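So the numbering used here is basically just the index in the sequence shown, starting at one, shifted up by 166. Even for Gly, the Cβ is constructed at its ideal location relative to N, Cα and C. All values reported here derive from a predicted model rather than from experimental measurement.
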Amino acid sequence: MSDFGQKIISAIYNNDLIKGCYRNLMVEGNDPWGLSIDLNWDGVGKIKISSFDISDFWALRDWWKYSLNYQTKCLFPLFPGDERLDRYIANHLKNQENRRDIIFNAWLIKEGSLNEDFNNEIIGHFFLLQHESDKSFVGLCVSSAFQGKKLGTLFISLISYIAKTLGKKQLWLTTGKDNPVGYNLYNKLGFEDIGDIEVYVPAENYKRIDTEMKLDLNNFK
């Protein structure tokens, strides 16, 4: 196993917030863009986390359109819900392929079906944007049907570990004023409330005031 993969395994094992939530952990990959994680998650089933690539395009599009309720789409201001959707996802993929961003999909693996690859579904999406920037932002979203199962804790922890292995000192995110669950999670993970920031919400094509938060990775374990 690569040194990078071993660091990811150690980080997951040492995370007290997700102890007892998983079993059968397997990690592969030499860097963030080649990372693949398989595990069984309590209350969910078998999950595979892998880097976003072109073969995921339509699955991600369907996930956004059909697996997220209206409130979740507004809390996760990444894509619009109109004819611009395909263009936004294509740009998202381009930034991954150019290694400007680090982007992952989490898949629920439906074993035992006639065509497992076709029937698997995305249940989560998370990322580190502009990883070489002095102000890199992280984001995550969990399918509406799978919220409340600590997957968000896993996703934000993973992307924070990855950022730290790349030498990042700080991470930033924004969260909606009407998202106390997300705010409390980020606070528990060490993110500090910085204040208000204006953000654009593609799903509704408007701007709103969110809370900006910062994580000091020197204190993140």
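Exposed unless 16 or more other CB atoms sit within 10 angstroms - verdict on residue i
i	result
Ala-256	exposed
Asp-376	buried
Asn-281	Only weak support exists for where Asn-281 lies, its pLDDT of 43 falling under 50; the coordinates are left without a value.
Trp-230	buried
Gln-262	buried
Ser-233	buried
Ile-360	exposed
Pro-346	exposed
Asp-267	buried
Gly-290	buried
Gly-314	exposed
Tyr-352	buried
Ile-220	exposed
Identity of the residues DSSP links to residue i by a beta bridge
i	result
Ser-125	As displayed, the chain neither begins before 167 nor continues past 387, which places residue 125 out of reach and without an answer.
Tyr-372	Val-367
Thr-377	Thr-341, Asp-362
Gln-336	Asp-382
Cys-240	In DSSP, Cys-240 forms no bridge with anything.
Val-308	Gly-290
Cβ pair residue i, residue j closer than 8 Å
i	j	result
Phe-292	Ile-325	yes
Ser-309	Phe-270	no
Met-192	Asp-208	no
Ile-363	Ala-272	no
Ser-323	Leu-295	no
Lys-387	Asn-180	yes
Glu-194	Gly-171	yes
Leu-320	Ile-184	yes
Phe-223	Leu-201	no
Leu-332	Gly-318	no
Asn-196	Ser-168	yes
Val-288	Ala-225	The identity of residue 288 in the sequence shown is Ile, whereas the question assumes Val. Contact: yes.
Asn-264	Lys-276	no
Asp-244	Gly-342	A small fix is needed here, since residue 244 is Leu in this sequence, not Asp. Cβ distance not < 8 Å, so Leu-244 and Gly-342 don't count as in contact.
Pro-198	Asn-371	no
| request: Could you name each continuous beta strand (DSSP E) segment of 3 residues or more that falls completely within the region 251-304, going from the start of the chain to the end? | output: The region 251-304 is shown to contain whole beta strand (DSSP E) runs of 3 or more residues at 268-274, 287-295, in chain order.
| said: Three Cβ pairs or more, each shorter than 8 Å: is that satisfied between the region 331-350 and the region 296-303? | reply: yes
| said: With a threshold of 8 Å, are at least 3 pairs of Cβ atoms found where one atom belongs to the region 184-191 and the other to the region 239-255? | reply: no
| Per the contact definition of three or more C-beta pairs closer than 8 Å, is the region 370-387 in contact with the region 338-355? | yes
| What are the uninterrupted segments assigned as beta strand (DSSP E) that are 3 or more residues long and contained completely in the region 177-227, given in chain order? | 188-194, 202-207, 211-217
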